[in-house]
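Presented below is the structure to which this report refers.
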Amino acid sequence: MTAPATPVALITGAGGGIAKSIVSRLLGEGWRLELADLDPAQVEQALAELPQADRDRVRVHRLDVTDEDSCLRVAQDSAARSGGLDALINAAGIMIRRDANATTSGDWRRVLDVNLTGAFFMAKACYPALRASDRAAIVSVSSSHAVLAARGSVAYSVSKAGLSHLTRLLALEWAPDQIRVNAVAPTVVPSPMTADVLADPAYVDRKLAAIPLGRPIQPEHVAAATSYLLSPDSGSTTGQTLLLDGGESLA
6 MTAPATPVAL ITGAGGGIAK SIVSRLLGEG WRLELADLDP AQVEQALAEL
56 PQADRDRVRV HRLDVTDEDS CLRVAQDSAA RSGGLDALIN AAGIMIRRDA
106 NATTSGDWRR VLDVNLTGAF FMAKACYPAL RASDRAAIVS VSSSHAVLAA
156 RGSVAYSVSK AGLSHLTRLL ALEWAPDQIR VNAVAPTVVP SPMTADVLAD
206 PAYVDRKLAA IPLGRPIQPE HVAAATSYLL SPDSGSTTGQ TLLLDGGESL
256 A
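Reading the sequence shown from the start, the letters are residues 6 to 256 in our numbering.
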């Protein structure tokens, strides 16, 4: 299978806030997109706001990243119908906010299954198609929680730390196949997942005080970083987690 003339990316969790910004950015750069989500209707609703020319370059799939067979079906269908696959963006993710002693075994398994195991399943499923591309890249959406300890997010933080290390391991193993593997790690970004905490003015004040740049990170910043890591400009970059935290991890 040869790489398609127009680059093709498969994005998981495509109905999420960060993913929507990535979709908009990549469509503007001429990509064709395979958008996958557990709730395809949510993706379709967002696409209805796009110009018809953009919608014509998008296909939507139902995907459960915790089900390896579902991951294989979506990856294989995307590559077969698009004539190849150049990029995978792992943007599927969930967060359950509980202190460690209140986190149940079900909470723990659910968060790690989606955020970490799901990314592994998708990377494996896309590997055969990515090997055939001359610009293959994987970008996973990690978090500054991968390097910063935060109360009330034990399962989420561990899953993101694991995702960043998975990024390094896959980058090392798949470098001979010329598949670059990186991650972006934003601090809190406005999205449905963070709407509850960002509605608390005291939390926002504390968060901004902890960010040396003193300003919030926006979904568009994550999309721009993702675009860079998919582009030839980052052709020598692999195994890296790019922190998008305004310097929070320095303080």
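Beta carbons: idealized from backbone N, C-alpha and C, even for Gly.
Beta-carbon separation (whole angstroms), residue i vs residue j, contact threshold 8 Å
i: residue 48; j: residue 20; result: 5 Å
i: residue 23; j: residue 16; result: The Cβ separation is near 10 Å, so there is no contact.
i: residue 164; j: residue 227; result: With a Cβ gap of about 18 Å, residue 164 and residue 227 do not count as contacting.
i: residue 127; j: residue 80; result: 7 Å
i: residue 77; j: residue 130; result: 5 Å
i: residue 190; j: residue 169; result: 7 Å
Residue i vs residue j beta-carbon contact at 8 Å
i: residue 13; j: residue 34; result: no
i: residue 242; j: residue 185; result: yes
i: residue 29; j: residue 91; result: no
i: residue 246; j: residue 94; result: no
i: residue 3; j: residue 82; result: An answer regarding residue 3 cannot be provided, because it is not within the stretch 6 to 256 covered by the chain.
i: residue 217; j: residue 244; result: no
i: residue 96; j: residue 146; result: yes
i: residue 160; j: residue 112; result: yes
i: residue 142; j: residue 166; result: no
i: residue 256; j: residue 207; result: no
i: residue 69; j: residue 43; result: yes
i: residue 140; j: residue 237; result: yes
i: residue 175; j: residue 253; result: no
i: residue 224; j: residue 194; result: yes
i: residue 45; j: residue 67; result: yes
Residues that residue i bridges to, as DSSP identifies them
i: residue 120; result: Answer by DSSP bridge pairing: none, since residue 120 is not bridged.
i: residue 190; result: 248
i: residue 146; result: 189
i: residue 94; result: 16 and 144
i: residue 158; result: 103
Among the options, nearest to residue i - alpha-carbon criterion
i: residue 179; options: 147, 133, 193 and 156; result: 133
i: residue 155; options: 181, 100 and 119; result: 100
i: residue 58; options: 36, 72 and 177; result: 36
i: residue 71; options: 120, 109, 46 and 56; result: 120
i: residue 144; options: 248, 219 and 73; result: 248
i: residue 222; options: 171, 107 and 149; result: 149
i: residue 98; options: 106, 118 and 109; result: 118
i: residue 55; options: 234, 25 and 76; result: 25
i: residue 122; options: 73, 162 and 67; result: 73
i: residue 106; options: 157, 169, 87 and 89; result: 157
i: residue 87; options: 10, 239, 75 and 108; result: 10
i: residue 75; options: 171, 233, 219 and 41; result: 41
Residue i: CB within 7 Å of a non-hydrogen atom of the ligand SAH
i: residue 86; result: Because no ligand of any kind appears in the structure shown, any question about the ligand SAH cannot be addressed here.
**OP:** Let me know the alpha helix (DSSP H) ranges lying completely inside the region 55 to 88, each 4 residues or longer, listed in chain order.
**Re:** For the region 55 to 88, whole alpha helix (DSSP H) runs of length 4 or above, ordered along the chain, are 57 to 60 and 73 to 87.
Subject >> 3-residue-minimum beta strand (DSSP E) runs that sit fully inside the region 20 to 50, ordered along the chain >> reply: 37 to 42
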